[in-house]
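Data first, discussion second: the structure below is written as structure tokens.
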Amino acid sequence: MRSVIAVLKLCVFLIYCAIVIPVQALTLLFFQEKGQIPPHIFLKCVCPLFGIRYKIKGTPCLKGRTLFVGNHLSYLDIPLIGAALPISFIAKKEVAGWPLFGLLAKLQRTAFVERSRQGTIEGQDTVEHRLELLKHLVLFPEGTSSTGEAVLPFKSSYFAPVLNKDITVQTFTISLLRTDRAAPLNRDLYAWYGDMDLAPHLWQFAKSRGVDICITFAAPRTAKDYTDRKKLAQDCYEECVKGLISAENPPN
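So, in structure tokens, the structure goes:
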């Protein structure tokens, strides 16, 4: 029965895609300033379809240019955050070539960057341009995804585009609370990391009853107060760790 439901979910998802792709393409062609609206509505539909249930702690800062930085568990973080906020993302360059998901990312005006061997990110002008145009971007500065049990160190090079600029930086934490509406917590149901294949993972997730997640937003900080990107990265990392601890150990 779960397999039948999964097939139906994926079929509905493809129908949603068939609707949003031309709508977003026309929106970007004629109404660029409204370009965040179709993807936001699309992802707000995708989350309940796949059972991605979330609650928000704290207040996201949507005034002025804001770079949201947080931990990364899965490709499913995209619909999660995209449903919570009308926002675009910073992603690895190879994501642009993914079937279907790459097209959706482009239509969402994702800033694609490449990390060099020296540890710096190429495409900083793209990030700055996107922030100027869209005002709000999401960055996953761990540089990879994980199980979400802990926060990986933030790579300071990812903060270079905003360093010493009049841009707000706000940390968020994604915390898994429950999977498949049951205990114990099965992190691998949601988290996609290491050498996991995408298609089998998505199939298993579609067969499940979804996940319950907490998104915790810390107090915003101003990038122009920092001249050292390592200090900015470390402060954001520590805020992310605090968010994970507070979500998984709520006060009685």
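If you're matching positions, the sequence shown starts at 8 in the working numbering and goes up one per residue. All C-beta atoms, glycine included, are put in the ideal place defined by N, C-alpha and C.
Original post:
If Leu138 and Ile174 are in contact, beta carbons under 8 Å, what's the gap, nearest whole angstrom?
Top reply: Correct: roughly 6 Å between the Cβ atoms.
**OP:** Just tell me which of Ala189, Phe224, Thr180 has its CA closest to the CA of Gly217.
**Re:** When only C-alpha atoms are compared, the closest one is Ala189.
Original post:
Taking the alpha-carbon positions, what's the Asp204 to Cys52 distance?
Top reply: Distance between the alpha carbons of Asp204 and Cys52: 25 Å.
Subject >> Any alpha helix (DSSP H) of 4 or more consecutive residues that is wholly inside the region 22–98 >> reply: With a minimum length of 4 residues, the continuous alpha helix (DSSP H) runs that stay inside the region 22–98 are 44–57, 84–91.
Original post:
If you draw a straight line from the alpha carbon of Ile48 to that of Leu146, how long is it in whole angstroms?
Top reply: The straight-line gap from Cα to Cα measures roughly 21 Å.
**OP:** List the DSSP bridge partners of Arg228.
**Re:** Within the DSSP secondary-structure output, Arg228 pairs in a beta bridge with Val176.
Subject >> Cβ-Cβ distance between Phe179 and Thr223 below 8 Å >> reply: Yes, the Cβ-Cβ distance between Phe179 and Thr223 is below 8 Å.
Subject >> Candidates Ser215, Ser164, Cys247, Phe108: closest to Pro227 by CA position >> reply: For Pro227, the nearest C-alpha among the options comes from Cys247.
Original post:
Taking all protein chains shown into account, do 16 or more other C-beta atoms lie within 10 angstroms of the C-beta of Ala157, making it buried, or fewer, making it exposed?
Top reply: Around the beta-carbon of Ala157, fewer than 16 other beta-carbon atoms lie within 10 Å, marking it exposed.
**OP:** Could you round the C-beta distance between Gly89 and Leu50 to whole angstroms and report it? I think they count as a contact, below 8 Å.
**Re:** With 8 Å as the limit, Gly89 and Leu50 qualify as a contact, their Cβ atoms being about 4 Å apart.
**OP:** Determine the direct distance from the alpha carbon of Tyr233 to that of Arg9, and round the result to whole angstroms.
**Re:** The straight-line gap separating the alpha-carbon atoms of Arg9 and Tyr233 is approximately 51 Å.
Original post:
Which two residues bound the contiguous beta strand (DSSP E) that contains Leu144?
Top reply: Its beta strand (DSSP E) spans residues 143–146.
**OP:** Work out the CA separation of Phe38 and Glu101 for me, nearest whole Å.
**Re:** Going by C-alpha positions, Glu101 is about 28 Å away from Phe38.
**OP:** Could you check what DSSP says for Gly126 in three-state terms: helix, strand or coil?
**Re:** With a pLDDT of 47 at Gly126, under the threshold of 50, the predicted position of this residue should be treated as unreliable, and no value is reported.
**OP:** With a threshold of 16 other CB atoms inside 10 Å of the CB of Gly126, please say whether the residue is buried or exposed.
**Re:** The predicted position of Gly126 is uncertain, since its pLDDT is 47 and thus under 50; a value taken from the coordinates is nonetheless stated next. Classification of Gly126: exposed, given that the 10 Å Cβ count is below 16.
Original post:
Relative to the alpha-carbon of Asp202, which residue among Ile220, Arg185, Pro191, Ser81 has its alpha-carbon at the smallest distance?
Top reply: Taking each of Ile220, Arg185, Pro191, Ser81 in turn and checking the Cα distance to Asp202, the smallest one comes out for Ser81.
Original post:
Does the Cβ of Val176 have 16 or more other Cβ atoms within 10 Å, making it buried, or fewer, making it exposed?
Top reply: Buried, because 16 or more other Cβ atoms sit within 10 Å of the Cβ of Val176.
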